[in-house]
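To convert, note that position 145 of the sequence shown is 145 in our numbering; the numbers rise steadily by one, no gaps.
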Amino acid sequence: LGHGRDDRGGARRRGRRRGRVRATQLQAALLPRGQARRRDPRREDEGSQEGPRAHQLAHADRGPAEGIRAAGAAGGPGKGTRGRRGVSVDIRELAPELLDDYLAFFDNDAFADFPWWSACYCRFWDDRVDIEGDSSARHRDDYRALVIELIRDGRQQGLLAYSGGKVVGWCNAKARLGYAMPRRIEKAPTNDAERVGSVVCFIVAKDFRGKGLASAMLSAACEKFRREGLAIAEAYPTTAPPSGPYADQIPWSAHNHTGPLEMYRKAGFTVHQQLERFAVVRKAL
1 LGHGRDDRGG ARRRGRRRGR VRATQLQAAL LPRGQARRRD PRREDEGSQE
51 GPRAHQLAHA DRGPAEGIRA AGAAGGPGKG TRGRRGVSVD IRELAPELLD
101 DYLAFFDNDA FADFPWWSAC YCRFWDDRVD IEGDSSARHR DDYRALVIEL
151 IRDGRQQGLL AYSGGKVVGW CNAKARLGYA MPRRIEKAPT NDAERVGSVV
201 CFIVAKDFRG KGLASAMLSA ACEKFRREGL AIAEAYPTTA PPSGPYADQI
251 PWSAHNHTGP LEMYRKAGFT VHQQLERFAV VRKAL
């Protein structure tokens, strides 16, 4: 994820229809080793280190040994479960009336198996203050309040996946120029005249990973972009393996929170540019 500020301003409120897409009996095993979830940006693109500073921040109030144990309990790369059957889900576009559902997911299930990000709330792409990527529990109240504000005024946009009336997945997706803190987006080739929608993050509850939910949400995100008059869907999958002193403690699902490259290829995306640690993939809408 890119680091540097984007002073072009906050997200633009865009008129949009609240879409709802039903995906039934999704095919299993579309995503290997568990579904993607976001991880600290300072572990993505900085090259020499994989984020020791971010891990220290996340567990400064718990101690380094406890921090390592917490991540280890989540399982290392390759330990995620695969779904053997499809699962029926409803995919709904985030709207203010779904605020309570969004909060319930992030309060309880989103990072239940990876506590380092327990206060994430996926507000990072529009948070100008959190430069370090510290999503530890001590920031929970502040970040929760911020995402409430973002959702209520339409700046937080994306798709929620429901199963049994409960949110089990989230995809952060909106017009590229709408992100107040674009991170790795700003490292991608930029032409403001292009009508581009960005897909930046997937979070799926542990028991629902490997069942194709991210692929279904990606399809819904592309439909959302079409309704909004955007011409290109763009995403930023990580292509470099974990590295640095905490590499063996990072779950596959966290390392690939932007979505695995193979998922995008299956959805018709192609590599637009290969950067040092991630690819820019695009699909014409």
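No residue lacks a Cβ here, since even glycine has one placed at the ideal position from N, Cα and C.
Everything numeric in this text was worked out from a predicted model, so none of it was measured.
1. Nearest-angstrom Cα distance between arginine 277 and threonine 238?
2. Which residue marks the beginning of the beta strand (DSSP E) containing cysteine 171, and which one marks its end?
3. In angstroms, rounded to a whole number, what distance separates the CA positions of lysine 174 and aspartate 248?
4. If you drop the 5 nearest sequence neighbours on each side, which residues of the same chain put their C-beta closer than 6 Å to that of glutamate 234?
5. Please determine, among Asp90, Asp127, Cys120, Phe114, the residue with the shortest C-alpha to C-alpha distance to arginine 140.
6. Can at least three beta-carbon pairs, one atom from the stretch 104 to 115 and one from the stretch 158 to 173, be found at a separation below 8 Å?
7. Helix, strand or coil for valine 199? Go by DSSP, reduced to three states.
8. Mark lysine 266 as exposed unless 16 or more other C-beta atoms lie within 10 angstroms of its C-beta, in which case mark it buried.
9. For a test of your reading of the model: does the CB of glutamine 249 fall under 7 Å from any non-hydrogen atom of the ligand ATP? Yes or no.
10. Please determine, among Ala95, Ala214, Lys211, the residue with the shortest C-alpha to C-alpha distance to glycine 154.
11. Assuming cysteine 171 and phenylalanine 124 form a contact by the criterion Cβ under 8 Å, report the distance between their Cβ atoms to the nearest whole angstrom.
12. Put glutamate 276 into one of helix, strand or coil per three-state DSSP.
13. Decide if glycine 158 is buried, meaning its Cβ has at least 16 other Cβ atoms within 10 Å, or exposed.
14. Looking only at C-alpha atoms, which of Lys187, Arg176, His257 sits nearest to alanine 205?
15. If contact is defined by three or more beta carbon pairs under 8 Å, each pair taking one atom from either stretch, is the stretch 182 to 192 in contact with the stretch 207 to 216?
16. What is the C-beta distance between valine 89 and alanine 216, in whole angstroms, given that I count them as a contact (C-beta under 8 Å)?
17. Taking the alpha-carbon positions, what's the histidine 255 to proline 242 distance?
Quick answer:
1. Taking the sequence shown and counting its residues from 1, one reaches residue 277 at position 277. Taking the sequence shown and counting its residues from 1, one reaches residue 238 at position 238. If I take the Cα positions, the gap works out to 6 Å.
2. By one-based count along the sequence shown, residue 171 stands at place 171. Taken as a continuous stretch (DSSP letters only), the beta strand (DSSP E) holding cysteine 171 covers 166 to 175.
3. Within the sequence shown, numbered from 1, the residue matching residue 174 stands at position 174. Within the sequence shown, numbered from 1, the residue matching residue 248 stands at position 248. Rounded to whole angstroms, lysine 174 to aspartate 248 spans 32 Å at the Cα level.
4. Looking up residue 234 in the sequence shown gives position 234. Closer than 6 Å at Cβ, skipping near neighbours: Val196, Ser198, Arg282.
5. On the sequence shown, position 140 is the one that residue 140 refers to. Checking every option, the nearest Cα to that of arginine 140 belongs to Cys120.
6. yes
7. Position 199 of the sequence shown, counted from the first residue, corresponds to residue 199. Strand, per DSSP.
8. Locating residue 266 in the sequence shown gives position 266, counting from the first residue. Under this definition lysine 266 is an exposed residue.
9. Ligands displayed in this structure: none; no statement on the ligand ATP is therefore possible.
10. Position 154 of the sequence shown, counting from 1, holds the residue named residue 154. Taking only the C-alpha atoms, the option nearest glycine 154 is Ala95.
11. What you label residue 171 is simply residue 171 of the sequence shown in a count that begins at 1. What you label residue 124 is simply residue 124 of the sequence shown in a count that begins at 1. The Cβ separation is near 14 Å, so there is no contact.
12. Taking the sequence shown and counting its residues from 1, the one referred to as residue 276 is at position 276. Looking at glutamate 276 - three-state DSSP - the assignment turns out to be coil, as it is neither helix nor strand.
13. Your numbering for residue 158 matches position 158 in the sequence shown. It counts as buried.
14. The residue labelled residue 205 in the question sits at position 205 within the sequence shown. Per the Cα distances, His257.
15. no
16. Position 89 of the sequence shown holds residue 89. Position 216 of the sequence shown holds residue 216. Rounded, the Cβ-Cβ distance is 6 Å, consistent with contact.
17. By one-based count along the sequence shown, residue 255 stands at place 255. By one-based count along the sequence shown, residue 242 stands at place 242. The straight-line gap from Cα to Cα measures roughly 7 Å.
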